[in-house]
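Residue numbers (the working numbering): 3 to 512. The beta carbon of each residue, even a glycine, is placed where N, CA and C say it ideally should be. Since the model is a prediction, treat every value here as computed from it, not as a measurement.
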Amino acid sequence: MIRRSLIVLLFAAIAVAGTAAAQSTGGVLRAGMQADPVGLDPHITGATATRNMLENVYDTLVMFDSSLQIVPGLAESWEASDDGRTWTFTLRENAMFHDGSPVTAGDVAFSISRIKDPDVASPRGDDFAVVDSIDVPDDRTVVLNLAEPFSPLLSKLAHSLNVIVPEAVVREHGDLQEVVVGSGPFRFVEYLPQTRMVLERFDDHWATDADGNALPYLDGITFQFYPDPTSRTTAVQTGAVDWIEYVPAADVDVLDADPEVEVVGGLSANFRSVYLNVARAPFDDPHVRRAFSYAIDEQAVVDLALFGTGGVPATGTTIPASNHYGVRDSPYVGRDLEAARAEMAASSVPDGFEFDLYVTTTYDFLRTPAEVVQANLAEIGVTANIVAEDWSIYLPKALEGDFDATILGESGQSDPDDFLFNVFYTDNGGNLGNYSNPEVDVLLERGRQVSDPEERREIYLEAQRLILEDAAHVFLFHSSQYEAIRGEVRGFEHFPNTSYLGLRTTWLDR
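Here it is as structure tokens:
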């Protein structure tokens, strides 16, 4: 039976809780992955594939546990001033990088400054734009001075790619694309494109379980690449690997029925949309965008393209309806061809038009919805030509906004700011469709400054109403993400933000 989104506190204030059963240290986990990483420098890449393999090579200042609560990471404690503008973090005394050098407050200051540096061009540069200055009173103390209160600060610091890197290594090599040196529980060994990435246990990692045993339990992890979904399913069924990510929607029930395999996971923090490039005609016309939103059947996408198991239809915007900040009453829920045709009639292209729908061949949940979208739009006189490319080619183009329309999304969100600011704030790095609404910008700025949850909720609900009115995206679905593990794999926990930090407490019973 599928084990869905278990909420287990993995990390205590200083120690990390272990599994209840007696752990067996040692062994190398063979993990079947969907795609190669897109770049190895964690500050430069925005690729989930890179995050999935490197988040256990590096550490963040603070972390999420499996219930998405903020817990200590490299910082063992922190405090904020009454006005919310000064944050002081105290680092662990025993944290070390894999080259044997200690993790210092200087490395923290360098890492945050590097992420926000425009010359580095990090896709998360805006995460720390509010950091006005950084003080380093001593090697274990770092003080972030903010220009204004910033509610999502801890959430941004916990993002799995906003990691702390060794300043000396970056300065020596220029970046971390060829040299991978972190402070996480696993050390980078090698990466052979389209074959494997190998990690080995870092014996001097700071983390321990509740009984004081050193983490991680595993000797290492070998990530093997299976871009074909069927091959990945076969690999875990036959024992070629111990664990796979992104169980194909078509195979969830198949693997769940296999007595040698357990499927874990469920609805995760993410969104999948049709991004419309409003810098290109006719998508600069809100009538066209609204016509698409009325015409595309999000339930059919889930039922046909995701086999009914791969997600739930979007009933609001990027924030799932079950989230406290989510909208549940989008006017586009369901399918309204009459409304869609009326919007097209009022648009700049009443007789229809033709465009390229750009997708990736690598992730089936981003590729298969395209055919449903294509068929839906044909009924309102619009021809969608599906153009598909491998992730390594597709992603750089998509991130540059080089498309008419594309099916994409983001994962790993925890704060409402993660779902909205990155995607809809004018000229922000994740605003790939070039959407801009000054009223939305003001609301998203206010949401960052307010700490009261109910006040923030009202701000974000109003922002989402405007985003829906503008039809900035066609909101399709929120993915369910599953991992499949063989019976010898113990202690792994599925994180609802799609993180694989659960590998830190995984062990092999063999």
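Check: Own chain partners of I246 with C-beta closer than 6 angstroms, once the 5 adjacent residues on each side are dropped; Outcome: G34, R234, V238 and A486
Check: Simplified DSSP state of N387, which is helix, strand or coil; Outcome: strand
Check: 8 angstroms contact criterion, which S275 and V476 should meet: CB distance rounded; Outcome: 6 angstroms
Check: The segment 349-359 / the segment 320-331 touching (three or more Cβ pairs under 8 angstroms); Outcome: no
Check: Beta-carbon spacing of P125, G432 below 9 angstroms; Outcome: yes
Check: Neighbour-count burial assignment, P39, 16 or more Cβ in a 10 Å radius; Outcome: buried
Check: Residue interval of the beta strand (DSSP E) (run including R203); Outcome: R198 to R203
Check: DSSP state of V105 mapped onto helix, strand, coil; Outcome: coil
Check: Contact under 9 angstroms by Cβ, L516 with G29; Outcome: Lying before the first or after the last residue shown, residue 516 is absent from the chain, which here runs from 3 to 512.
Check: Unbroken alpha helix (DSSP H) run spanning V374, endpoints; Outcome: P371 to A380
Check: Residues that DSSP places opposite E264 in a beta bridge; Outcome: I487
Check: Spatial neighbours of D129 in its chain, beta-carbon cut-off 6 angstroms, leaving aside the 5 residues before and after; Outcome: K158
Check: Continuous alpha helix (DSSP H) stretch holding E174: start and end; Outcome: E169 to H175
Check: Simplified DSSP state of L12, which is helix, strand or coil; Outcome: Because the pLDDT of L12 is 36, which lies under 50, any placement of that residue in the model is unreliable, and the number read from its coordinates should be weighed accordingly. Correct three-state label for L12: coil.
Check: DSSP three-state assignment for S7, whether helix, strand or coil; Outcome: With a pLDDT of 35 at S7, under the threshold of 50, the modelled position of this residue cannot be trusted; read the value that follows with caution. Coil at S7, not helix or strand.
Check: Boundaries (first-last residue) of the beta strand (DSSP E) holding L93; Outcome: T88 to L93
Check: Residue of T90, N164 and E169 minimising C-alpha distance to V144; Outcome: T90
Check: Segment contact flag, the segment 92-102 with the segment 72-80, C-beta cutoff 8 angstroms, min 3 pairs; Outcome: yes
Check: Touching by the beta-carbon criterion (3+ pairs, under 8 angstroms), the segment 494-503 and the segment 288-299; Outcome: no
Check: Start-to-end residues for the alpha helix (DSSP H) that takes in T50; Outcome: T50 to L56
Check: Sequence-distant residues of the same chain with beta carbon closer than 7 angstroms to I469, five excluded per side; Outcome: T319, F426 and V442
Check: N424 (DSSP reduced to helix, strand or coil); Outcome: helix
Check: Spatially closest choice to V243 from T224, A259, A251 and P261, by CA coordinates; Outcome: T224
Check: Reduced DSSP category for I469 - H, G, I as helix; E, B as strand; rest coil; Outcome: helix
Check: Test item: CB-CB of S162 and M98 under 9 angstroms; Outcome: no
Check: Alpha carbon of L178 to alpha carbon of V165, nearest angstrom; Outcome: 12 angstroms
Check: Endpoints, alpha helix (DSSP H) assigned at A82; Outcome: Here A82 belongs to no alpha helix (DSSP H); instead the beta strand (DSSP E) covers A77 to A82.
Check: Separation of E78 from A15, as counted between CA atoms; Outcome: Per-residue confidence for A15 stands at a pLDDT of 34, beneath the threshold of 50, marking its modelled position as unreliable; the derived number appears in the next sentence. In a straight line, the C-alpha of A15 is about 7 angstroms away from that of E78.
Check: G328 versus L463: straight-line alpha-carbon distance, rounded; Outcome: 7 angstroms
Check: G345 and V290 closer than 9 angstroms at C-beta; Outcome: Correcting the residue identity first, residue 345 is Glu in this sequence and not Gly. Yes, the pair counts as a contact, with Cβ atoms nearer than the cut-off.
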